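Participant: So that we are looking at the same thing, I have put the structure below in structure tokens.
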């Protein structure tokens, strides 16, 4: 009987929830944001780590910008414009942080706001 139960569980349908695009976006933003925060908390000794996390965050925002600007993107035009503006701001502010002329907190706040939006609109 034990073997039968094992066989049933091995071949039964997976019970893990299906990941949606919003869930994946959330996870990626959360991961890079955690890296930014952890590196920033280290101060000067964490600057190399911070630079790597900020570079990844910049790449992420570049990908978002390309996706938002693509012709088939179903988001409302106003939201697209806001996201493109945030993408450009993130790029510029990242340069200032890397030049040690600005604080990283604003980038963390932007990412956190986007994560809240993804969670509240999750399907």
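Residue numbers (full-length UniProt numbering): 1 to 123.
Where is the CB? At the ideal position from N, CA and C, for every residue including glycine.
Remember, it's a predicted structure, so these values are computed and weren't measured experimentally.
1. Quick check for students: name the residue ranges of the alpha helix (DSSP H) that lie wholly in the region 39 to 100, counting only runs of 4 or more.
2. State the start and end residues of the unbroken alpha helix (DSSP H) segment that holds residue 108.
3. Could you tell me the distance, in whole angstroms, from the CA atom of residue 22 to the CA atom of residue 44?
4. Quick check on residue 30: does DSSP put it in helix, strand or coil?
5. Using the rule of at least 16 other Cβ atoms within 10 Å of the residue's Cβ for burial, across every protein chain shown, is residue 65 buried or exposed?
6. Would residue 40 and residue 50 be called neighbours here (beta carbons separated by less than 8 Å)?
7. Cβ of residue 94 within 8 Å of Cβ of residue 54?
8. Measure the alpha-carbon distance for residue 28 versus residue 116 and round it to whole angstroms.
9. Tell me which residues share the same chain as residue 46 and place their Cβ nearer than 6 Å to its Cβ, disregarding the 5 neighbours each side in the sequence.
Facilitator: Reading from the atomic positions:
1. 47 to 69 and 77 to 98
2. Walking along the chain shown from the start, residue 108 turns up at place 108. Its alpha helix (DSSP H) spans residues 105 to 120.
3. Taking the first residue of the chain shown as 1, we reach residue 22 at position 22. Taking the first residue of the chain shown as 1, we reach residue 44 at position 44. Going by the C-alpha atoms only, they are around 34 Å apart.
4. Here residue 30 refers to the residue found at position 30 when the chain shown is read from its first residue. Of the three classes helix, strand and coil, the one that applies to residue 30 here is helix, per DSSP.
5. Residue mapping note: residue 65 aligns to position 65 of the chain shown, counting from 1. Buried is the call here.
6. Residue 40 sits at position 40 when you count from the first residue of the chain shown. Residue 50 sits at position 50 when you count from the first residue of the chain shown. For residue 40 and residue 50, yes; Cβs fall inside 8 Å.
7. Translated into the one-based positions of the chain shown, residue 94 becomes position 94. Translated into the one-based positions of the chain shown, residue 54 becomes position 54. The Cβ-Cβ distance between residue 94 and residue 54 falls below 8 Å.
8. Within the chain shown, residue 28 is the residue found at index 28, counting from 1. Within the chain shown, residue 116 is the residue found at index 116, counting from 1. Cα to Cα, the separation comes out at about 13 Å.
9. For this step, residue 46 is matched to residue 46 along the chain shown. Same-chain partners within the cutoff: 39.
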